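> The structure follows.
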Amino acid sequence: MDPTLLVLASTALGAVVGAGVAVTILGMRRAGRRRAAELRPELGEVATTILDEIDMFAVILDSSLTPVYANPIARQERHISDEDIRDPEFLARVRRVMTTGAPDTHEPDPTDPADTVRIHIVRIQRRFAVVLAEDLGEEQRVNAMRRDFIANVSHELKTPIAAIGLLSEAVQQAADEPELVRGFAKSLVKESRRLGELSRDIIQLSEAQSTLRPEDRESVSLRDLVRGEVESHREFAAQHGIELVVTDDSEPDRDATILGRPTSLGTAVANLLSNAIRHSPEGSRVGIGMELQRRSFLVTVTDQGEGIAPEHQPRIFERFYRVDGARTRGEGGTGLGLSITRHTMRAHGGDVDVWSQPGVGSSFTLTFPLHDPEGSSKSSKRAKKARRATRGSAEAAQTAAPVPQKGHQ
Ligand code: ADP
1 MDPTLLVLAS TALGAVVGAG VAVTILGMRR AGRRRAAELR PELGEVATTI
51 LDEIDMFAVI LDSSLTPVYA NPIARQERHI SDEDIRDPEF LARVRRVMTT
101 GAPDTHEPDP TDPADTVRIH IVRIQRRFAV VLAEDLGEEQ RVNAMRRDFI
151 ANVSHELKTP IAAIGLLSEA VQQAADEPEL VRGFAKSLVK ESRRLGELSR
201 DIIQLSEAQS TLRPEDRESV SLRDLVRGEV ESHREFAAQH GIELVVTDDS
251 EPDRDATILG RPTSLGTAVA NLLSNAIRHS PEGSRVGIGM ELQRRSFLVT
301 VTDQGEGIAP EHQPRIFERF YRVDGARTRG EGGTGLGLSI TRHTMRAHGG
351 DVDVWSQPGV GSSFTLTFPL HDPEGSSKSS KRAKKARRAT RGSAEAAQTA
401 APVPQKGHQ
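In full-length UniProt numbering, the protein residues as written are 1 to 409.
Next comes the structure, spelled out in structure tokens:
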């Protein structure tokens with residue numbers, strides 16, 4: 001286990017188990033060490049070896065409730081004060097286990113963010129009590145996020161599904177009135193499209209959140225990627241009376257490639273374009289700027305739309321967050337677009353930022369870390385030198401940095 005995690009886990013344990021667990025550690029530190037050395041052989045080599053290895057907090061107390069052993073994770077606890085000593089409730093629980101032999105387990109309360117530690121007290125060999133504790137904070141957080149996400153998805157699905165049900169019944173009942181049927185059918189198409197968009201975005205979000213494996217990565221030309229997405233949005237823009245204007249300050253001679261998942265990267269750009277078009281007034285322009293920096297490639301999508309108030313700006317990247325829920329839902333937004341973009345960018349080592357001013361417009365910037373051709377060529381020169389020096393041995397070849405693949409240019 002990572003030492004930082006260990007310290008964090010120990011800190012959380014100290015806080016939540018509180019004075020109870022503190023007693024064991026402090027006692028261990030002050031007077032227990034000598035006794036531990038004396039008593040440890042009685043505990044059995046096997047038991048202490050196992051406890052030394054397990055990935056959770058473990059201490060052993062003797063029948064006088066004096067700590068006689070602490071495993072490495074418990075020994076790392078450094079956040080204990082003298083006031084923490086002697087928590088009567090904890091000592092009473094250990095004593096009860098010692099007397100009755102019945103194990104005592106405390107399960108964390110999933111609804112209480114402060115209660116994240118599972119504690120298990122068992123009696124061994126009638127004379128010792130083992131206290132095992134583990135912090136389930138991270139697991140609880142992930143479970144809570146999962147619950148929230150499922151609740152949100154169900155909520156989002158409920159509306160179009162209910163609408164489709166009602167509209168289908170309405171079509172049946174109005175079978176003899178073609179005008180009405182046409183109207184209902186139009187709404188049916190709209191609702192089913194919304195369902196389709198939602199399921200597409202959920203799939204894209206799950207892809208964006210999954211770890212990018214080396215085999216998923218392809219060499220992607222960022223200029224081609226951006227230009228391709230702009231072209232495929234031209235018609236959509238024209239339908240809204242918007243002109244898309246591309247500016248490329250990215251020194252066309254210099255390579256701008258990234259090793260990544262082309263479909264996800266395309267979606268990250270597409271979401272910004274689609275938002276800019278949807279939030280722009282008719283007759284305005286959406287600018288798409290490209291800029292090549294030393295180690296990164298910036299793509300900026302700027303619109304002259306209504307802008308986003310400062311209090312909403314940090315939240316628009318959250319899943320299902322909409323500034324004006326009812327309105328944007330009606331316009332076809334799922335509330336997942338920017339979240340997909342941010343997850344995708346971060347999975348590729350980049351990020352997305354926003355600048356916006358209500359009444360002026362918004363500007364979203366994607367920062368792609370470059371698959372550095374200069375650095376690679378330097379490394380490949382070093383690699384060639386190494387190969388020469390070792391007369392092309394396999395070992396030298398392995399240390400050579402990979403030569404970048406040719407992009408789709
Ligand atoms: P949606 O699918 O609803 O557009 P997003 O995650 O893409 O969801 O965006 C979240 C919210 O951020 C939107 O509902 C909208 O209110 C706001 N937003 C995003 N882009 C823009 C923009 N270019 N101009 C104004 N508001 C925007």
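Yeah, the Cβ is synthetic: ideal placement off N, Cα and C, and Gly gets one too. Computed from a predicted model, the values in this text were never measured in an experiment.
Measuring straight from C-alpha to C-alpha, what distance separates isoleucine 121 and serine 154?
Each residue's CA atom was taken as its position, placing isoleucine 121 and serine 154 some 40 Å apart.
> What ranges does the beta strand (DSSP E) occupy inside the stretch 53-78, keeping only unbroken runs of at least 3 residues that lie completely in it?
57-62, 67-70
> Buried or exposed, going by whether 16 or more other CB atoms sit within 10 Å of the CB of glutamine 304?
Burial call: buried.
> Using CA atoms only, rank isn't needed, just tell me which of Val286, Leu205, Thr257 is closest to threonine 300.
Val286
> Glutamate 134 bridges to which residues according to DSSP?
Arg118
> Rank His279, Pro369, Gly361 by C-alpha distance to the C-alpha of leucine 298 and give the top, closest one.
Pro369
> With which residues is proline 369 paired in a DSSP beta bridge?
For proline 369, the pairing in a beta bridge is given by DSSP as Ser296.
> Nearer than 7 Å: is that true of the beta carbon of histidine 155 relative to any heavy atom of ligand 1?
no
> Checking 8 Å against the spacing of the C-beta atoms, do isoleucine 119 and alanine 47 come in under that value?
Contact: no.
> Taking 7 Å as the line, does the beta carbon of asparagine 271 fall inside it for any heavy atom of ligand 1?
Within the cutoff, so yes.
> For a test of the three-state rule: what should DSSP assign to arginine 146, helix, strand or coil?
helix
> Give the range of the alpha helix (DSSP H) segment to which residue 410 is assigned.
No statement about residue 410 is possible, as the shown extent of the chain runs from 1 to 409 and does not include it.
> Is aspartate 216 helix, strand or coil when you go by DSSP?
helix
> Could you tell me if proline 160 is buried or exposed, where buried requires 16 or more neighbouring beta carbons within 10 angstroms of its beta carbon?
buried
> With distances taken Cα to Cα, identify the nearest neighbour of glycine 333 among Thr302, Arg346, His279.
His279
> Anyone know if the C-beta pair for alanine 268 and threonine 344 falls short of 8 Å?
yes
> Sort out for me which residues DSSP pairs valine 286 with in a bridge.
Leu244
> The beta strand (DSSP E) that contains glutamine 313, what's its start and end?
That residue, glutamine 313, is in no beta strand (DSSP E); it is neither H nor E in DSSP.
> Can you determine whether any heavy atom of ligand 1 sits closer than 7 Å to the C-beta of alanine 208, and answer yes or no?
no
> If you compare alpha carbons, which of Ala58, Arg342, Asp248, Thr66 is closest to serine 206?
Arg342
> In angstroms with no decimal places, state the Cα-to-Cα distance between serine 356 and threonine 365.
11 Å
> Spatial neighbours of proline 103 within its chain, please: CB distance less than 6 Å, with the 5 preceding and 5 following residues excluded, ordered by chain position.
Exclusion of the five residues before and after proline 103 leaves Val122 as the residues of its chain whose Cβ lies within less than 6 Å of its Cβ.
> Beta-carbon separation of leucine 132 and phenylalanine 57 under 8 Å?
The criterion of a C-beta distance shorter than 8 Å is satisfied by leucine 132 and phenylalanine 57.
> Just checking, does the stretch 220-230 make contact with the stretch 249-266 on the three C-beta pairs under 8 Å criterion?
A contact exists between the stretch 220-230 and the stretch 249-266.
> Work out the CA separation of glycine 307 and arginine 319 for me, nearest whole Å.
Those two C-alpha atoms are separated by around 19 Å.
> From valine 97 to alanine 129, what distance separates their C-alpha atoms?
7 Å
> Alpha carbon to alpha carbon, how far is valine 360 from leucine 225?
Our two residues, valine 360 and leucine 225, have alpha carbons roughly 28 Å apart in a direct line.
> So glycine 337 packs on tyrosine 321, CB below 8 Å; how close in whole Å?
Actually they are not in contact, since the Cβ atoms of glycine 337 and tyrosine 321 sit about 10 Å apart, beyond 8 Å.
> Pull up the distance between the alpha-carbon of threonine 367 and that of arginine 261, whole angstroms please.
15 Å
> Looking at ligand 1, does it come within less than 7 Å of tyrosine 321, judged from the CB to the closest heavy atom?
yes
> Does glutamine 204 pass the burial test, meaning 16 or more other C-beta atoms within 10 Å, or should it be called exposed?
Buried.
> Might you give, ordered along the chain, the residues of its own chain that have their beta carbon closer than 7 Å to the beta carbon of glycine 349, omitting 5 neighbours on each side?
Pro369
> Can you give me the Cβ contacts of serine 296 inside the same chain, cut-off strictly under 8 Å, excluding the 5 residues immediately before and after it?
Close CB contacts of serine 296 within its chain, under the 8 Å cut and outside five residues either way in sequence, are with Gly350, Thr367, Phe368, Pro369, Leu370 (chain order).
> What residue range does the alpha helix (DSSP H) around aspartate 224 cover?
222-239
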